[in-house]
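Residue 311, in the numbering used here, is where the sequence shown stops; the numbers in between run on with no holes.
Even glycine gets a Cβ: it sits at the ideal position worked out from N, Cα and C.
Before any comments, here is the structure.
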Amino acid sequence: MEANLRWVLLTAVAPVAWGANYYVTREFLPADRPLWGAALRALPAGLILLALCRRRPRGAWWWRSAVLGLLNTGVFFVLLYVASQLLATSIASTVMAASPLAMMLIAWALVAERPARAHLAGALVGLGGVGLMVLTRTGPVSLPGLAASVAAMLVSSCGYVLAGRWRDGADVLASTSWQLIAGGVVLLPVAALAEGAPPAPALPELLAFGYVTVVATALAFAAWFAGLRHLPAGTVGLIGLLNPLTGVLLGTAVAGEELGPLQAGGLLLVLAGVVLGRPRGAGRPPGRRRSGRRSRMPAAPAGSEACRSAP
Numbered sequence: 001m002e003a004n005l006r007w008v009l010l011t012a013v014a015p016v017a018w019g020a021n022y023y024v025t026r027e028f029l030p031a032d033r034p035l036w037g038a039a040l041r042a043l044p045a046g047l048i049l050l051a052l053c054r055r056r057p058r059g060a061w062w063w064r065s066a067v068l069g070l071l072n073t074g075v076f077f078v079l080l081y082v083a084s085q086l087l088a089t090s091i092a093s094t095v096m097a098a099s100p101l102a103m104m105l106i107a108w109a110l111v112a113e114r115p116a117r118a119h120l121a122g123a124l125v126g127l128g129g130v131g132l133m134v135l136t137r138t139g140p141v142s143l144p145g146l147a148a149s150v151a152a153m154l155v156s157s158c159g160y161v162l163a164g165r166w167r168d169g170a171d172v173l174a175s176t177s178w179q180l181i182a183g184g185v186v187l188l189p190v191a192a193l194a195e196g197a198p199p200a201p202a203l204p205e206l207l208a209f210g211y212v213t214v215v216a217t218a219l220a221f222a223a224w225f226a227g228l229r230h231l232p233a234g235t236v237g238l239i240g241l242l243n244p245l246t247g248v249l250l251g252t253a254v255a256g257e258e259l260g261p262l263q264a265g266g267l268l269l270v271l272a273g274v275v276l277g278r279p280r281g282a283g284r285p286p287g288r289r290r291s292g293r294r295s296r297m298p299a300a301p302a303g304s305e306a307c308r309s310a311p
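Have a look at this one:
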């Protein structure tokens with residue numbers, strides 16, 4: 001029991017860090033540097049994870065990492081940065097919390113992975129909660145911010161479907177490091193051309209960049225995958241609900257955002273939808289399989305704050 005509690009606490013680091021990332025990005029990082037913000041998040045974090053796993057891509061994983069890195073890191077991190085800057089923290093975290101439900105519907109459309117009725121009901125409930133959360137907000141909601149959130153979900157959903165089909169021959173932590181590095185390498189020249197020289201941050205921005213890169217990306221991924229190796233998938237999925245809860249709590253308690261009764265009801269609907277829509281794989285944790293077998297878990301998209309609420 002104590003061992004399980006330790007793994008639960010360690011795994012909880014990830015969704016809490018991802019939920020806080022919306023607030024840190026909005027309050028402390030430069031609003032006009034989304035490309036540099038995404039590049040400086042992805043590349044250093046990828047190198048840290050690569051140092052931990054010490055595995056290089058082989059064969060098809062060279063080009064797979066490039067494709068997934070473009071979708072799950074390059075484009076996704078930029079869109080997430082824009083959404084975090086334009087939307088209130090409570091709104092951004094709640095909208096992105098519905099990403100697993102959107103992914104399920106997109107997988108149904110793209111590769112005919114038909115969800116169970118309970119999962120489909122969960123998707124409808126969760127997306128209805130997002131609508132209630134957004135439409136009942138008293139202040140204005142940025143349409144470009146919402147568009148960035150929706151685009152981020154679509155891009156990461158396509159990446160997740162591809163990652164599920166390309167799950168052979170790579171450990172999930174290693175493949176995530178390759179994607180982060182590939183996405184960061186692609187973003188560097190684009191950021192230099194579009195936004196000029198990299199930002200010269202003051203101390204608060206430097207600390208914020210350090211948090212986003214080291215804590216919300218490198219440490220969060222390492223903690224999340226450790227939890228997936230030692231806890232049932234259903235347990236990890238429930239822990240992932242700390243992601244939107246953290247974003248909403250920081251938005252209301254620290255950033256002074258209002259959360260009325262209808263918006264609170266919308267948040268509860270999103271959480272209920274994610275619970276209904278999560279996979280029912282509550283068997284043995286992947287880490288308890290025989291060591292000679294490779295995990296069949298799909299490679300995780302690098303933008304896990306979007307997709308890891310219900311793995």
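Cβ-based burial, SER156 [other Cβ within 10 Å; buried from 16]: buried
Length-filtered (4 minimum) alpha helix (DSSP H) runs lying within the stretch 213-238: 220-230
DSSP three-state assignment for SER156, whether helix, strand or coil: helix
For GLY287, the three-state DSSP class (helix, strand or coil): Confidence in GLY287 is poor, its pLDDT being 44 and thus under 50, which makes the residue's placement unreliable; the coordinate value appears in the next sentence. Three-state result, GLY287: helix.
GLY129: first and last residue of the uninterrupted alpha helix (DSSP H) it sits in: 117-135
Identity of the residue in TRP36, LEU49 and PHE28 nearest ALA220 by Cα: LEU49
VAL215, buried or exposed, once every other Cβ within 10 Å from all chains shown has been counted against 16: buried
Secondary structure of TRP312, DSSP reduced to three states: The requested residue 312 does not occur in the structure, where the chain is confined to residues 1 to 311.
Limits of the alpha helix (DSSP H) - the one that ASN243 falls within: 242-253
Candidates PRO115, ALA118, GLY265 and VAL274, of which the one nearest THR136 by Cα: GLY265
Assigned exposure category for ARG117 - 16 Cβ within 10 Å defines buried: exposed
Where the alpha helix (DSSP H) through SER142 begins and ends: Segment: none, SER142 is in no alpha helix (DSSP H) and carries neither H nor E.
Range of the contiguous alpha helix (DSSP H) that encloses THR94: 89-97
DSSP-derived helix/strand/coil call for GLY273: helix
Unbroken alpha helix (DSSP H) run spanning LEU206, endpoints: 203-210
Contact set for ARG289: own chain, Cβ-Cβ below 7 angstroms, skip 5 residues either direction: Any reading at ARG289 must be qualified, since the residue scores a pLDDT of 43, below 50, and its modelled position is unreliable; no value is offered.
Reduced DSSP category for ALA31 - H, G, I as helix; E, B as strand; rest coil: coil
Stretch-stretch touch, CB-based, cutoff 8 angstroms, three pairs: the stretch 224-243 with the stretch 81-92: no
Limits of the unbroken alpha helix (DSSP H) element including PRO189: 172-195
Proximity winner among LEU249, ALA223, VAL78 and ASN72, relative to LEU52 (alpha-carbon distances): ALA223
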